[in-house]
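Per my numbering, residue 1436 is the first one in the sequence shown, and the count goes up by one each step. All C-beta atoms in this analysis are idealised placements derived from N, C-alpha and C, irrespective of residue type, glycine included.
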Amino acid sequence: MTTAAVLILFAHLTWILLVIFGALWTRGRRVWTTLHILALLWGIIVELGPWPCPLTLAETYFELRAGAAAYQGSFLLHYLDAIVYPNLPGWAVSLAGTAVCVFNLAIYGRRLRKHLLRRRASVPGP
């Protein structure tokens, strides 16, 4: 793998971790919450739509330019690649990815509902 492909693979893993766990640390951070919600929506679009992830395309491009075919490189990179691209049927990966995104969006929906209820309770009546 080329250095560029390795860096993109690490960026891809970071992106996946952000999508999966982002709702755990965005509370009270409006900018990060907005970015995470956009990342979740993008994740759903990529999983359900016919478009490939741009990071996957970039990794493939750099790997092909370097002549990489099968497992090459370090042990860590081999397993990092397996985490980002699990050996599962495409529908299973899409289902799991979409479920994670929907679950995170449900967390935000719950937070919004609580916020609106607190706000309504703090406003004095007529």
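- Contact check for residue 1529 against residue 1494 fails: the beta carbons are separated by 8 Å or more.
- For the 8 Å CB-CB criterion, residue 1448 and residue 1518 form a contact.
- Within the same chain, and ignoring the five residues on either side of residue 1490 in sequence, the residues whose Cβ sits closer than 8 Å to its Cβ are 1443, 1446, 1447, 1450.
- Following the DSSP letters along the chain, one finds residue 1486 in no alpha helix (DSSP H), marked with neither H nor E.
- Residue 1523 carries a coil assignment under DSSP once its states are collapsed to helix, strand and coil.
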